Structures are given as structure tokens and as C-alpha cells.
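Residue numbers (our numbering), protein chains in the order written: chain S, 98 to 660; chain B, 548 to 907.
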Amino acid sequence: MFQFILRRLLQAIPIILATTFLAYGIIRAAPGDPIQMLIGDPKKIPASVIEDLKRQLGLDKPWYVSYAYWLRNLFYNPAQPPIVDIELDKATMESLNQTSFDVRIDKDTIVLIDGQEVAQRKAAHAVFELSEKTSGSMKRKIRVPRTKGLLKDAFEKDRSADWQAILIWVKEPVVTGVFDEASANDNEVSALYPRERIKVISFDARARLLKAQELDKPGQPETVFDVDNVNVQLRLGKAKVKPPDLVGKEVLLVTRSRETSRLFALADQASAAKMPAVGSFTWKGEPLKDGIAGLYAQPVKLKAVVASPAKRFDLGVSYTQGRPVTELYMEALQNTFFMVFLVLLLEFLIAIPIGIIVALKKNSPLDYILTFLTFVGISLPNFWLALMFLMIFSFGLGWYPSGGMQSMNTTLDWRDPATIYDRIRHMTLPLLVMTLGAIAGTMRYTRAAVLDVIHQDYVRTAKAKGLPYWRVITGHVLKNAMIPIITLLGLTLPFLIGGSYIVETIFSWPGMGRLGLEAVFKRDYPVIMAGILFGAMMIIAGQLLADVLYAWANPRIRKSFEG
Amino acid sequence: MTIDSASLPIPPGTPLQMPGAPPPAPVADPFAGLERANTLAPESFMQLVVRRFRKNKAAVVSYWILVFLFVACFPVYYLFVPFDAQLIPHGNGEPQKPGFYPTDTGGTDPAFESKLKLSLEQRKFKIPGIALGQQTHLWGTDKQGRDYLSRCLKGGQISLTVGFVAVGIAVTIGTLLGAIGGFFGGLPDSIISRFTEIMLSLPTFFLIITIQAVLSPNIYNVMAVIGITSWMGVSRLVRGQVLSQKEEEYIQASRASGAGLTRILLRHLIPNSIGPIIVAATLAIPSAILTESALSYFGMGVQPPTPSWGNMVADAREWVVSRGVAMWWLVTYPGMLIAITVIAFNFLGEGLRDALDPRS
Numbered sequence: 098m099f100q101f102i103l104r105r106l107l108q109a110i111p112i113i114l115a116t117t118f119l120a121y122g123i124i125r126a127a128p129g130d131p132i133q134m135l136i137g138d139p140k141k142i143p144a145s146v147i148e149d150l151k152r153q154l155g156l157d158k159p160w161y162v163s164y165a166y167w168l169r170n171l172f173y174n175p176a177q178p179p180i181v182d183i184e185l186d187k188a189t190m191e192s193l194n195q196t197s198f199d200v201r202i203d204k205d206t207i208v209l210i211d212g213q214e215v216a217q218r219k220a221a222h223a224v225f226e227l228s229e230k231t232s233g234s235m236k237r238k239i240r241v242p243r244t245k246g247l248l249k250d251a252f253e254k255d256r257s258a259d260w261q262a263i264l265i266w267v268k269e270p271v272v273t274g275v276f277d278e279a280s281a282n283d284n285e286v287s288a289l290y291p292r293e294r295i296k297v298i299s300f301d302a303r304a305r306l307l308k309a310q311e312l313d314k315p316g317q318p319e320t321v322f323d324v325d326n327v328n329v330q331l332r333l334g335k336a337k338v339k340p341p342d343l344v345g346k347e348v349l350l351v352t353r354s355r356e357t358s359r360l361f362a363l364a365d366q367a368s369a370a371k372m373p374a375v376g377s378f379t380w381k382g383e384p385l386k387d388g389i390a391g392l393y394a395q396p397v398k399l400k401a402v403v404a405s406p407a408k409r410f411d412l413g414v415s416y417t418q419g420r421p422v423t424e425l426y427m428e429a430l431q432n433t434f435f436m437v438f439l440v441l442l443l444e445f446l447i448a449i450p451i452g453i454i455v456a457l458k459k460n461s462p463l464d465y466i467l468t469f470l471t472f473v474g475i476s477l478p479n480f481w482l483a484l485m486f487l488m489i490f491s492f493g494l495g496w497y498p499s500g501g502m503q504s505m506n507t508t509l510d511w512r513d514p515a516t517i518y519d520r521i522r523h524m525t526l527p528l529l530v531m532t533l534g535a536i537a538g539t540m541r542y543t544r545a546a547v548l549d550v551i552h553q554d555y556v557r558t559a560k561a562k563g564l565p566y567w568r569v570i571t572g573h574v575l576k577n578a579m580i581p582i583i584t585l586l587g588l589t590l591p592f593l594i595g596g597s598y599i600v601e602t603i604f605s606w607p608g609m610g611r612l613g614l615e616a617v618f619k620r621d622y623p624v625i626m627a628g629i630l631f632g633a634m635m636i637i638a639g640q641l642l643a644d645v646l647y648a649w650a651n652p653r654i655r656k657s658f659e660g
Numbered sequence: 548m549t550i551d552s553a554s555l556p557i558p559p560g561t562p563l564q565m566p567g568a569p570p571p572a573p574v575a576d577p578f579a580g581l582e583r584a585n586t587l588a589p590e591s592f593m594q595l596v597v598r599r600f601r602k603n604k605a606a607v608v609s610y611w612i613l614v615f616l617f618v619a620c621f622p623v624y625y626l627f628v629p630f631d632a633q634l635i636p637h638g639n640g641e642p643q644k645p646g647f648y649p650t651d652t653g654g655t656d657p658a659f660e661s662k663l664k665l666s667l668e669q670r671k672f673k674i675p676g677i678a679l680g681q682q683t684h685l686w687g688t689d690k691q692g693r694d695y696l697s698r699c700l701k702g703g704q705i706s707l708t709v710g711f712v713a714v715g716i717a718v719t720i721g722t723l724l725g726a727i728g729g730f731f732g733g734l735p736d737s738i739i740s741r742f743t744e745i746m747l748s749l750p751t752f753f754l755i756i757t758i759q760a761v762l763s764p765n766i767y768n769v770m771a772v773i774g775i776t777s778w779m780g781v782s783r784l785v786r787g788q789v790l791s792q793k794e795e796e797y798i799q800a801s802r803a804s805g806a807g808l809t810r811i812l813l814r815h816l817i818p819n820s821i822g823p824i825i826v827a828a829t830l831a832i833p834s835a836i837l838t839e840s841a842l843s844y845f846g847m848g849v850q851p852p853t854p855s856w857g858n859m860v861a862d863a864r865e866w867v868v869s870r871g872v873a874m875w876w877l878v879t880y881p882g883m884l885i886a887i888t889v890i891a892f893n894f895l896g897e898g899l900r901d902a903l904d905p906r907s
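Below you can see the structure in the form of C-alpha cells.
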């Protein structure tokens, strides 16, 4: 038996490799550009930025090379440069409610650009170059005093002599965060701010950012964002300074885009509109030339420096959400399993007894009616069924919520019956839709399995022996009919998980299907690839499980394995 | 010397009769009750199939339902229906309830009027009494004032066409690959079998959506993609059939008489496994229709303004969300049509299987 499983697993490896290779080829070879999905209209973005982004995402290489990298990372991803964790200091932020502030760079200041430490002179040039790209007004205000190598004019007043490091981030800050449950439930899906590749986990972060942008309009009230917990992670490059030296120090973060700064501001629950700019530059609320925003500064406190060690089973980082794909899938998997487990349970509890009864009463009116109903069950398109249920029970009668896992500001707590009841209300409709489709198939299968057995000789013998009817049914018919039904368990599982794309999307249930579908819509290659890999593994594992269960349930086969 | 049978004392063929015994009762003709008894030809396979098929009430009803649907979607739509499914009478408004409306809405937009006239002139026969501009919306309208029944019929054309063409592609690929694999065995067979396994372990719907997301979604791509991702079942079926058939004596005979590979494959092996293929194809059509409608629902299938049942349900979504049950016809009718078509095809497939399967 063990040998059999081992052999099957070994056989699965080339199949999975070929499957993923094929899938990667398809998504890469066919037209469709994730860059375009990330940044919108490519004409508005300078080619250099696009090239940069491509390099970051690994899309500048031919697809088979990218696939090779993907495969290598799957098994072993070598160590990456460490990541700086930033904590945003609220008190500092509150003191900054003014339109401009100035910074001085002195001899002890460490300047990091894109995670790499640079000489101060070079830093000054870099900042100058950046500012040149932005606007005329910016250009006028920042003058680089070459003699001292300091950004003296720009950061004139010594308002913040405490700064010990200046982090200038031009590309690839990765913002991760846990937003409140309400936002995770939100239907709105957003493509986020690609220019700097800022990724935010929340689906409605974009809505929040839009809200933040509205603040630019005069007369808008100040809004306090109720963001629970945001981590900003910046990847360090080759820095001479040891990352731990920076921990706990006050640093000034200079970023190029307004959105980046806004996110940092969001993280601190501060008003984004009050975001101070470097030098005397103030944002006028209009997009700058070339789509590159100005320079923005943000005082932050370095919380920790997290080295990222070599990883195994690294599926990469989602393009649109900026989080490790493995993490995303683990979360989604929990939600999906929660649902699929219940569906399977209900399905087997309902379908198998009905299937048996129908088989025993073959060609009776009950059989005809139930068979017809199962045909209907198989044939109803589940997106339509879901929509009909939504229309009638959710929007019409108002019995159930229209989507999500939990109400606003509620989290599931097993000790609190109110939250459990809330979860049940959210689950009912999707559960119903998924179960109705699944019951039909299982019932037909059970019926066929029982009918197959019921005409066997040993059943006739058992009857002839004079065994009571129920003994014949339970001891002889069902015991044998169960063998193929158990097999069904292994075969249904991957399809239940895979087949819930539609239901999960319609009911905005944050599971695997929805994750995969959204990834496809947004061309999030790492997430798509992980989905395909996972799907293929589930199908193969399901087949293996079916075979193993079959052998386990069927003594004739089990004996042959035992020799 | 010849014997004149008439001259014999007992003409041949008369039953033996003991002298003195009573004359035998006339033997009942064993075929008397059967209408086939007098025809010389034995019942052909097709006749047998038809006879078996007719016994299955559900399959026969499904067959007629499908015929009705086809007639309604193709000839009736083109010849009689007084509304165009794609021309937009007015911009965004409220969908109208099923019912009769006065004729006052017409004539607002001369450009539209002339286009509509042109489109309706192609319809040769007009239902008397329903002239241009008269508003009899039996199934209501959508938000742009297009007659919903006409859209459902046009959508049916699209959905049925996609179903048939996609399955046609799948069956062609599957039959060829399966026949080649089964017939030649050895290396080609193992290559094809591995490839089939790979395709089977790809999550199909995910793959289709991925491909559709990167290709430009239109009706031809939908057909091609569904066809290309659903041939595996047919391929396995045909391979099994060919494997069992190729050792039969008639193949040996044909080979001995010098028939080439192509001839044996195309004239003997594939036609002899056509029964299961037809059944598989019939049962594959509903799933192709379901896939197409699901794709269209997500905006990755047939693109508006061309209606398909899937994208009509998708369009209805906003009204479900905003108005609840008030706009029930928008989501109910196209979904119901999908369901009816799929159920009918499933019953038809089951009926065909029972009729074609010699064991039954």
C-alpha cells in the first residue's frame, strides 16, 4: 500500500510540473499585461518607470526563465535583503499639522535611497533629480549646495535635529496591514497604487484612499481613518550601516509619491491632507507631469529590522496585495474549508439516505420525482441560483445578508452566540446553493451504486437464506454499495473547492475561489500560478485519496496490497 | 428424373399426422402481433434505437422541448419576432414590466427608427397586428428598452451555438487523439495519455477564465477555449472503444484485404464507437452551455451588446441588488432558459445512452 502511494506520488510530480509549465506558458504567452493592470494607462507613465516595475516583478525575462525562477523559489528561495519595519509615531504626526517643514542633513545622518546607503552628496543629487522630474516650483525651491554636500536650502530650518537617518524611498515600499473586518468584507475590489508598488491588503483601501484624496478639496472636513494596524515594510539593500543600528531611531522617510505618503499617514490615523512635503513644497492637488508625484516626507520610528531568511515553498508575493501568496492562500483556505466541510457533511447526510431509498424503491413515483429533481439540481446554473436566492431571501425578504462572512465590526468568537448566529446567517445562502448542486450528483451516484449491488448473487443468496429485509440491506447491499460512494469523497473534494469560484464571488466569501478569480481579473501571476498549482495538487491528491479509500473499503483490493 | 411434388402422397411440408388422430390445431403465427412480421428486412440498428428511445418519456419530451427551443431561437427569431435584440431604443432607464404598452414610445429617435426598420425588413414574415412601434413586451424589457423575449431568443442562439460548436471542437479533438492513441498504442499512446492526464489535472474553469482573461473575450474565443479544455473525456472514451474494437475480426479482415490505416480508423473504428461518442457529446453540450453562461456572467464570455443568457443574468444583477424582487423577470427568464435547456439535454443524453447501449 505504501509503495503504491509512493509510486502514485512520484508519478504526480512530472504531471504537476508539466501542468504548471503549461499554465505559465499560457498566461505569459497570451497577450495581457499585469503592468497595465497595475498602473492603468501606460502612456501616462514614463517608460523608465515601467521598465523598473517589470524588473521588480521579474517580467523582463522570457517566460521560461521566469518559470524556472518560480520553480526554484518553490523549493528554495535564497535569502533576501532585510526588511525594515516602521512604526509611525502619532505624537510626531500630530505636531506636524502644518503645510511644510524642513529638514537638515548633517554629517551623522544616514541616508538610504531605496534601501541602499549612499554618500550624502549622491543623496542630494538623487533628491534633486527626483525633484526635477516633478514640477517647476519644486525645482526652484530645492537647490543643491554642492560644496557641503547637504540639502541645505531645501532642509533649511533645523526643526528636526533628531533625525538620525533619512530613508528616501523611490521604489518598492511594501505596505502590509490588517484592516478591520468590515473592509475585508467589502465587495469593492481595488487595483492599488502601482507607481511605487504599494500594496495594501484591504479590498477597500482604495475607497479609503479616494476619501483621502477628496480631502484635497477645500472645505472638506478632516477625517480620521479607523485603520487598526498597519505595518510598513521597506526592503533594505546593501547598506553599510547594520540594520539593527537603525532600530528605535527617529527617521525621516522621504517618498516620491503622494499615495505612498498617504498610506503612511493612513497608518498613523492622521489626516492625509496634512501630509507635509519636503522643503517648502506643497501639494496643490493636481497630478504632476509624467504622473510622478512630488517628494513627501514622513517622520517615522523604526520598529524593527526583519531579516528575511531563505525560504522553502515560496510562492512569491502577490502583485496587487503585496503579501506573500502562501499567506493569502492559507487565509482563504481556512474560509473555504469552513464552507466546504459543511457542504460535504450536509451533502452526504442528505444525499446518501435519499439515494438509497430511491434505489430501493426503483421505478416508483418517488423515484421518478426525486430523479427528476436531481436532474434539475445538476442543471441549475449556480450563479443564477445564487442570484435568485439573493433576490428573494436577501433583497426581497431581507432574511439574510447579501454577502461576506460576518457583519460589520463583528468577528467570530466561539464563546459569543451572537457572533456565531451572525456567521450562520451569512453562511446560509452560499451553503444552500453549493449543497443543492452537490446533493444531486451524490444522490444519483448512490442510487447507481446501490442498484449495481442489489442484483448481485450474494444479495439473492442472503434473501434466500431468510435474512430479514433490513439485514440484507444494511449488511449486504449497503456495505458493498458504500465502496464506490466512499471513493466519491476523494473525487468531490477538489471540485468543491475549485467549483466554489462562482458562489464565493457572488456572496463575497473570502475564500480560495474568490482569491483565484480576482487574481485572474487583475493578472496577478503569482496568485494565479499558486491557484493552478494548488488546484492540480488537489485533483491529484483527490484521485489518490479516492483510490486509497477504495482499497481501504474494499477487502478484495486491500488483500491484494497486503500480498 | 424429377419428382413432381404434387404427385407425392403427402406433399412436403404437411405436418405428420397419425391416422385416426384429430386434425392439428392451426399453429399460431409467432410474429402475428408484430407489425414487423411481414417485412423482409430485419430491424435495423437505427430503428431499434428509435424504438427504444421512444419508450423513454422524459427523453422524448426533452427532445421536443429542444426542438421547440431551436425553432424559437433560430427561424422564429429571424422570421417573425418584431423587435431587435441588439438595437437600443433609448438610453438608460427603467426596465419595463411584462405587459402591453401603448405605442407612444416610438418615434423619438429617427436614426434608431430607420435602423430598426432596416433590421426588421430582414424578417420576412410579420405577425399580423404587431406593427413597428407597437409595444407588446410579453417578457418585459431591459433597462435600455429592448424587448426581453427577443433578447432571450437571440441569447439562446448564441448559447446554443456556443454549446454545439464547443462540443464539436472537443469531440473532434478527443476522437482523433483517442483513436490515434488507442489504435497505435506504444509511444503515441503514452504521450497522448500523459497529455490527457495533464489536462485533466488542470483546474478547468480556472484555466478557462485565465485564458479568457488574457485573450480578448468574444464568442469565437469562448467556443475555442471551452472546446480545447473539454476533450479529455471523449478522448478516453474513444481510446477505450478503439482498444476493444481493434482486435475484432472485422478489423483483421479489413486489414487482410489491404485497407490502409486511415481507412480502418475512419471507416471502421470511429463509426463503430460513434454511439458512446454521441452520448458523450449530448451530455457535454449542457456543461458547455453552463460554462459559457458562467463565463459570460463574469464578463469573460460573450460581450454586450450581443446577448447571451449568461451576460443577461449578469446585467440583471444590478437590478437585483438595487430593487430586489421588483425586477424579477430580468434574472428569472434567462436563467430559467439555461436550466430548461440543460435539463433537456441531460435527459436527452440519458435517453440516447439507454437507447444506444445494447446491454439495456
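Heads up, the beta-carbon is just placed ideally off N, CA and C, and yes, glycines get one too.
Predicted model, so just to flag it, every value in this text is computed and none were measured.
Check                                                                                                                                : Outcome
Residue-level contact to chain S via CB, TYR624 (chain B), 8 Å cutoff                                                                : no
For VAL761 (chain B), the first and last residue of its enclosing alpha helix (DSSP H)                                               : 751-761
Proximity test, Cβ basis, 8 Å: ARG864 (chain B) and chain S                                                                          : yes
Residue-chain proximity (GLY882 (chain B), chain S), Cβ-Cβ < 8 Å                                                                     : yes
DSSP three-state assignment for HIS552 (chain S), whether helix, strand or coil                                                      : coil
Near-chain S residues of the region 752-785 of chain B (beta-carbon distance less than 9 Å), N- to C-terminal order                  : PHE752, PHE753, LEU754, ILE756, THR757, ILE758, GLN759, ALA760, VAL761, LEU762 and SER763
For LEU626 (chain B), the nearest candidate out of B:LYS701, B:ALA902, B:ARG598 and B:HIS684 (CA to CA)                              : B:LYS701
Start and end residues, alpha helix (DSSP H) containing THR468 (chain S)                                                             : 462-476
Pick from B:ASN858, B:ARG810, B:TYR624 and B:VAL607 that is closest to LEU877 (chain B), judged by C-alpha positions                 : B:ASN858
Residue closest to VAL530 (chain S), alpha-carbon to alpha-carbon, out of S:LEU575, S:ILE551 and S:LEU477                            : S:LEU477
Any chain B beta carbon closer than 8 Å to ILE625 (chain S)                                                                          : yes
LEU588 (chain S) and ALA537 (chain S) closer than 8 Å at C-beta                                                                      : no
Closer than 8 Å to chain B by CB, TRP481 (chain S)                                                                                   : yes
6 Å CB neighbourhood of LEU641 (chain S) in its chain, flanking five on each side removed                                            : ARG105
Close Cβ partners of LYS314 (chain S) (< 7 Å) along its chain, the five nearest in sequence each way excluded                        : For LYS314 (chain S), the predicted structure reports a pLDDT of 38, less than 50, and the residue's modelled location is therefore unreliable. A value from the coordinates is still provided. Cβ neighbours of LYS314 (chain S) beyond the five flanking positions: none.
Pairwise C-alpha distance: ILE599 (chain S) and THR116 (chain S)                                                                     : 23 Å
Local conformation of VAL849 (chain B) per DSSP, three classes                                                                       : coil
Every unbroken alpha helix (DSSP H) inside the region 577-621 of chain S [4 residues or more]                                        : 598-603 and 609-618
Counterpart residues of ASP694 (chain B) in DSSP-defined beta bridges                                                                : B:THR688
Inter-residue spacing [alpha-carbon to alpha-carbon] between ARG294 (chain S) and GLY728 (chain B)                                   : With a pLDDT of 27 at ARG294 (chain S), under the threshold of 50, the modelled position of that residue is not reliable, and the figure given next carries that caveat. Whole-angstrom Cα-Cα distance: 49 Å.
Supposed close pair LEU528 (chain S), LEU439 (chain S) - CB separation, criterion 8 Å                                                : 6 Å
Cut-off 7 Å between Cβ atoms - residues of its own chain near LEU114 (chain S), not counting five sequence neighbours on either side : none
Pairwise C-alpha distance: ARG544 (chain S) and LYS557 (chain S)                                                                     : First, the residue type needs correcting, since residue 557 (chain S) is Arg and not Lys in the sequence shown. Whole-angstrom Cα-Cα distance: 19 Å.
For PRO421 (chain S), the three-state DSSP class (helix, strand or coil)                                                             : strand
Stretch-stretch touch, CB-based, cutoff 8 Å, three pairs: the region 605-613 of chain S with the region 419-438 of chain S           : yes
Sub-8 Å separation of PRO881 (chain B) and CYS699 (chain B) beta-carbons                                                             : yes
Cβ contact check for the region 891-902 of chain B and the region 599-613 of chain B: 3 or more pairs under 8 Å                      : yes
Validate contact between the region 709-728 of chain B and the region 774-793 of chain B using beta carbons, cut 8 Å, 3 pairs        : yes
Integer-rounded CB distance, given that GLN850 (chain B) should sit under 8 Å from ASN765 (chain B)                                  : 6 Å
Coarse secondary structure for ASN174 (chain S), derived from DSSP in three states                                                   : strand
Cβ neighbour criterion (16 or more within 10 Å) applied to TRP567 (chain S)                                                          : exposed
Partner residues on chain B for SER476 (chain S), Cβ-Cβ distance less than 9 Å                                                       : PRO833, LEU837, ILE885, ALA886, ILE887, THR888, VAL889, ILE890, ALA891, PHE892 and ASN893
Contacting residues, own chain, Cβ-Cβ under 6 Å from ILE443 (chain S) (five flanking each side not counted)                          : Residue 443 (chain S) is actually Leu in this sequence, not Ile. Counting only Cβ-Cβ distances below 6 Å, and skipping sequence neighbours, we find THR532.
Distance between VAL547 (chain S) and LEU457 (chain S) (C-alpha atoms, nearest Å)                                                    : 8 Å
Within 8 Å, strictly: CB atoms of LEU575 (chain S) and ILE451 (chain S)                                                              : no
Residue ranges of each alpha helix (DSSP H) within the region 493-555 of chain S, 4 or longer                                        : 514-551
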